[in-house]
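Chains A and B are the protein sequences, given in the same order.
Position 112 (the first sequence) corresponds to 112 in UniProt numbering; numbering is contiguous.
Position 123 (the second sequence) corresponds to 123 in UniProt numbering; numbering is contiguous.
Worksheet: one structure, shown below.
Protein chains: 2
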Amino acid sequence: MSSPAVGDDQRRDACATREAILKAARRRFSSCGYADVTLRDIAADTEVSAALVVKYFGSKEDLFTEASGFEQDAERLLDCELPQLGEHLVRTLLDYHEQTQGDPLLRAVFTSSRPAGAQFRANFEHQLLTRLAERLPGPDAQLRAELVCSHLMGLAASRLVLRTEAITAEPKENLVAITAPLIQNWLDGPL
Amino acid sequence: MSSPAVGDDQRRDACATREAILKAARRRFSSCGYADVTLRDIAADTEVSAALVVKYFGSKEDLFTEASGFEQDAERLLDCELPQLGEHLVRTLLDYHEQTQGDPLLRAVFTSSRPAGAQFRANFEHQLLTRLAERLPGPDAQLRAELVCSHLMGLAASRLVLRTEAITAEPKENLVAITAPLIQNWLDGPL
């Protein structure tokens, strides 16, 4: 019987491998398009076997659906009542940064910018942005949802890509305190 | 003697060619690094001769300095007194979007994210971000400057990459009216 520590290590490794495969899949699919990518390409990028990719994700279509999608992110990001949603959004995204050095909104920006990014962009819009807009009362809900996402994307770009000094050094709770009220204003409306 | 219309066309063509060369140079240099890029590569990407690249930009070093730099952008963006700077920043960036389908802050994000993007990132920081921070009175000037840039980057990503419906359709003056006061609050401080 393996000790609990070994079990934890294995789970962590499996999780990291899964993330690495997803990341490679996102890059390949958004750059080259579904038809021109094979599971073998993605496996090679991640230095694992194609069989392991199949074991983790099933078919190429299943992998594409998961790699290009924002369903799970939307579930996590929108899992909060409206009066606290501003704070929840900021805190959840800052947690993502810590845990994965990634951010789903920033991922939408980068994948959408690539030659075959149209499906990523459409999924971001339908699975996350529109769902947020539908939650908002009052006029200009779509515009307010876009302003919210837009601000959060900028924050992620500063922290994860440009890694600008002050925003990166600022304690998480201070960033929540600075930005959540602004986000909440847009969520509550009106503009 | 050529008619004024032909002269205008030539100037427009020259300007577009110059922009295309700069764009290719940015992509090449930030992806591959200075040493691994030749003027011939950049010329080929733009479908012009290497001689034309030299005519427009001088040496490879000169081209790198201009392609990786934010001096001219900073000059245009910061050319305003502090009390009106919020509005000036938003309006100037929205003008960039209309005129070039590009944005210097978004360019900083994309070039910095590439394997050889360190010099682009450093230039963005020294030539634009720090210069903005130095203009700001009161405490947390660096953090406030970063929040300003961060918000403007998000706006650019929404308009130029994700092209989300409402932000893209919103008239320029409305976007200025919505976002400039927020930007100005950070510029004026305190947080």
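Each residue gets a CB set at the ideal place from its N, CA and C atoms; glycine is no exception.
Since the structure is predicted, the reported quantities are computational estimates derived from the model, not experimental observations.
Assigned with DSSP and collapsed to three states, alanine 116 (chain B) falls in coil, not helix or strand. For glutamine 142 (chain A), the neighbours in chain B by C-beta distance under 7 Å run, in chain order, Glu165, Ala166.
Under the 8 Å criterion on CB atoms, arginine 121 (chain B) is classed as interfacial with respect to chain A. For glycine 86 (chain A), the uninterrupted alpha helix (DSSP H) run begins and ends at 82-100, by DSSP. A residue is called buried when at least 16 other Cβ atoms come within 10 angstroms of its Cβ; leucine 63 (chain A) meets this threshold and is buried. Using beta-carbon distances, leucine 182 (chain B) counts as an interface residue toward chain A, with a partner under 8 Å. Against chain B, the beta carbon of phenylalanine 124 (chain A) has neighbours under 8 Å at Leu162, listed in chain order. Out of B:Gln84, B:Ala44, B:Val176, B:Arg163, the CA that lies nearest to the CA of glutamine 142 (chain A) is found in B:Arg163.
A distance below 8 Å between beta-carbons, with the five flanking residues on each side excluded, links leucine 106 (chain A) to the following residues of its chain, in chain order: Met153, Ala156, Ala157, Leu160, Val161. Counting only runs that start and end inside the region 143-180 of chain B, there is no beta strand (DSSP E) element of at least 3 residues.
Scanning chain B for C-beta atoms nearer than 7 Å to the C-beta of valine 109 (chain A) yields Ala157, Val161, Leu162, reported in chain order. Minimum Cα-Cα distance from serine 31 (chain B) among the listed residues B:Ala118, B:His126, B:Trp186 corresponds to B:Ala118.
Between the region 108-126 of chain B and the region 52-62 of chain B, the count of Cβ pairs shorter than 8 Å is below three; the stretches do not touch. In the three-state scheme derived from DSSP, where H, G and I count as helix and E and B as strand, tyrosine 34 (chain A) is classed as coil. The C-beta of serine 31 (chain B) comes no closer than 8 Å to any C-beta of chain A.
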